[in-house]
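J.:
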Amino acid sequence: GAGVSQTPSNKVTEKGKYVELRCDPISGHTALYWYRQSLGQGPEFLIYFQGTGAADDSGLPNDRFFAVRPEGSVSTLKIQRTERGDSAVYLCASSLGSYTGELFFGEGSRLTVL
Amino acid sequence: AQKVTQAQTEISVVEKEDVTLDCVYETRDTTYYLFWYKQPPSGELVFLIRRNSFDEQNEISGRYSWNFQKSTSSFNFTITASQVVDSAVYFCALSEGSNSGYALNFGKGTSLLVTP
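Sequences listed follow chains A and B, in order.
Mapping of the first sequence onto the numbering used here: residues 310 to 423, in sequence order.
Mapping of the second sequence onto the numbering used here: residues -17 to 98, in sequence order.
Below, the structure is given as structure tokens:
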């Protein structure tokens, strides 16, 4: 499809496990964002990539969270030693250029940590 | 500090009623952008509108209209003659030039329910 694709759509894991969430942005979009949305809340910014580099990772809650975008397209959000509080929907968005601010969102990956 | 405040948590209206969703923002930047996104039950956020801080003109798009007032730091969204398909959570968001990449700061959202 032409939109932002996220996999898996649902992930259930046990506390302490490692998790990877993948985002495939719209072709040609240089900017990529990860957000986290808890129930009843608005999306919360985690990290922003411009090309391959993480231009702003100020939203990552702690060092258990890490994200990469090695070739400037697909991005992976990695969460180590998951905790129950990490349970949320993780949203990926992309845009043509960071200045536009018009983000195109994927459907999200719902993470449940038991 | 909360940069975007959507005071209305839930609103319920009957079809064909008009409804206004409130948004108040806070920023020290002179250059910023304001957005509205719709999140239907399917979950995917859908872009509705973007306004920059230098353009206070109100905008109308079909049944949707937006009222941007810098004097009150508000960017309210009105749906005229609401329809059941308008039922969704609506988010107001602020993007500041001081943030890398103009990352969006979202409000907590307003859940709109339109009943037949």
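Yeah, the Cβ is synthetic: ideal placement off N, Cα and C, and Gly gets one too.
Pull up the CB-CB distance for Thr(-13)(B) and Glu78(B), whole angstroms please, since I reckon it's below 8 angstroms.
T.: As a first step, residue -13(B) is located in the second sequence; it is residue number 5 there, counting from the start. As a first step, residue 78(B) is located in the second sequence; it is residue number 96 there, counting from the start. Incorrect: roughly 15 angstroms between the Cβ atoms, too far for contact.
J.: Figure out for me which residue from Glu416(A), Thr421(A), Val313(A), Leu386(A) has the closest Cα to the Cα of Ser336(A).
T.: Taking the first sequence and counting its residues from 1, one reaches residue 336(A) at position 27. Among Glu416(A), Thr421(A), Val313(A), Leu386(A), the Cα nearest to that of Ser336(A) is on Val313(A).
J.: Looking at the C-beta of Leu27(B), does it have a partner C-beta in chain A at a distance below 7 angstroms?
T.: The residue labelled residue 27(B) in the question sits at position 45 within the second sequence. Leu27(B) counts as touching chain A.
J.: Using only the alpha-carbon positions, how far apart do Leu86(B) and Trp343(A) sit?
T.: Within the second sequence, residue 86(B) is the residue found at index 104, counting from 1. Within the first sequence, residue 343(A) is the residue found at index 34, counting from 1. Distance between the alpha carbons of Leu86(B) and Trp343(A) is about 11 angstroms.
J.: Using CA coordinates, which residue listed in Ser318(A), Gln346(A), Ala376(A) is at the minimum distance from Ser396(A)?
T.: Position 87 of the first sequence, counted from the first residue, corresponds to residue 396(A). Of the candidates Ser318(A), Gln346(A), Ala376(A), the one whose C-alpha sits nearest the C-alpha of Ser396(A) is Gln346(A).
J.: Using the three-state DSSP reduction, which class does Thr(-9)(B) fall into: helix, strand or coil?
T.: The residue labelled residue -9(B) in the question sits at position 9 within the second sequence. Three-state result, Thr(-9)(B): coil.
J.: Helix, strand or coil: which one does DSSP assign to Glu313(A)?
T.: Indexing the first sequence from 1 puts residue 313(A) at position 4. Here residue 313(A) turns out to be Val, not Glu, going by the sequence shown. DSSP places Val313(A) in coil when its eight states are reduced to three.
J.: Return the residues of the region 364 to 386 of chain A that lie within a Cβ-Cβ distance of less than 7 angstroms from chain B, sorted by chain order.
T.: Correct list: Ala364, Asp365.
J.: Counting Cβ pairs closer than 8 angstroms, one from the region 34 to 49 of chain B and one from the region 412 to 421 of chain A, do we hit at least three?
T.: At 8 angstroms Cβ cutoff, the stretches do not touch.
J.: Pull up the distance between the alpha-carbon of Ser404(A) and that of Pro334(A), whole angstroms please.
T.: Against the first sequence, residue 404(A) aligns to sequence position 95. Against the first sequence, residue 334(A) aligns to sequence position 25. The alpha-carbon atoms of Ser404(A) and Pro334(A) are separated by roughly 8 angstroms.
J.: Using only alpha-carbon positions, find the residue among Asn371(A), Gln359(A), Thr361(A), Glu411(A) that is nearest to Lys387(A).
T.: Within the first sequence, the letter at position 78 stands for residue 387(A). It is Asn371(A) whose Cα lies nearest to the Cα of Lys387(A).
J.: Tell me whether Ser320(A) is buried or exposed, calling it buried when 16 or more other Cβ atoms sit within 10 Å of its Cβ.
T.: Residue mapping note: residue 320(A) aligns to position 11 of the first sequence, counting from 1. The sequence given here places Lys at residue 320(A); Ser does not occur at that position. That one is buried.
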